[in-house]
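Numbering (my numbering), first residue to last: 960 to 1200.
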């Protein structure tokens, strides 16, 4: 029996689309940007770029099921997003700029609770590895409120990365990180992408964008358009161009 691939030479592999935004319109009563139509597959990183206030975070919140769209749809594996569904909670991890932790639990306790709640085996081993990766080993017994702003950001990242996920949504994850933290973030997100995770993130970091993005969407009030990573990097570097 032949084991040769049926794909013709030069033919691209079929994309395994995970998330699809179809004519998505978002806002609080009135649209904050033009409709967005784009999809992202396993092993891809889609960056949202645009000026401050353009609507990047609002788009992400709609994708996460935290904000009802004004129109259009967000689909996970071809089904409308329902943040209450078991599948959505199992597959989608988010890092937004908010205090999404248990204030009365220590850093280690918080991560252990998240890991156990998502069925992680070898919880202590997994949490210890993430604490080291996020340079939080000296803060394991601290309460989140006592952490520095950079440590709080790394705790939010750790909580998303300590659990299983097939989709990772991040709102400017580079914010409040020092240069070492930004480099570690870039390496980790590239590894996530290469392992097959689908990433959607808003960012103003040109270096992160160039290293990570497979495509980008320029968020604007007149037209939201899909561009390649280099074009997106030029736009971020010179937003008034």
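Glycine included, each C-beta is placed from N, C-alpha and C at the ideal position.
- Residue 1123 is positioned such that its CB atom lies closer than 7 Å to that of residue 1077.
- Runs of the alpha helix (DSSP H) lying entirely within the region 1037-1092 and spanning at least 4 residues, in chain order: 1045-1050, 1066-1076, 1082-1092.
- Spatial neighbours of residue 1135 in its own chain (CB-CB distance under 8 Å, excluding positions within 5 residues in sequence) are listed in chain order as 1108, 1109, 1111, 1112.
- Comparing alpha carbon positions, the residue from 1167, 1168, 1067 closest to residue 1096 is 1067.
- Straight across, the Cα-Cα distance linking residue 989 with residue 1100 is about 45 Å.
- Inter-residue distance for residue 1168 and residue 1147 is about 13 Å (C-alpha atoms, whole angstroms).
- Classified as buried, residue 1016 has 16 or more neighbouring CB atoms from the shown chains inside 10 Å of its CB.
- Around the CB of residue 1024, 16 or more other CB atoms lie within 10 Å, so the residue is classed as buried.
- 7 Å or more divides the Cβ of residue 1180 from the Cβ of residue 1130.
- The DSSP-derived three-state label of residue 1032 is strand.
- Beta-bridge pairing by DSSP links residue 1158 to 1004, 1127.
- Of the candidates 1089, 1072, 1026, 1121, the residue whose Cα lies closest to the Cα of residue 1043 is 1026.
- Distance from the CA atom of residue 1007 to the CA atom of residue 979, rounded to whole angstroms, is 14 Å.
- Annotated as distal: residue 1170 and residue 1185, with beta-carbon spacing of 7 Å or more.
- The continuous beta strand (DSSP E) containing residue 981 extends over residues 976-984.
- By the Cβ neighbour-count rule, residue 1164 is buried, with 16 or more other Cβ atoms within 10 Å of its own.
- In summary, residue 1156 is buried, with 16 or more beta-carbon neighbours lying within 10 Å of its beta-carbon over all protein chains present.
- Beta-bridge partners of residue 1175 (DSSP): 1006, 1186.
- For residue 1128 against residue 1183, the beta-carbon gap comes to about 17 Å, at or over 8 Å, which does not count as contact.
- With respect to the 7 Å criterion, residue 1075 and residue 1086 are not classified as neighbours on the basis of their beta carbons.
- Pairing residue 1116 with residue 1072, the inter-Cα distance amounts to about 15 Å.
- In the structure shown, residue 998 falls within a strand segment according to DSSP collapsed to helix, strand and coil.
- Minimum Cα-Cα distance from residue 1062 among the listed residues 1091, 1103, 1036, 1051 corresponds to 1103.
- Distance from residue 982 to residue 1031 at the Cβ level is roughly 4 Å; contact confirmed, criterion being Cβ atoms closer than 8 Å.
- Collapsing the DSSP output to three states places residue 1103 in a helix.
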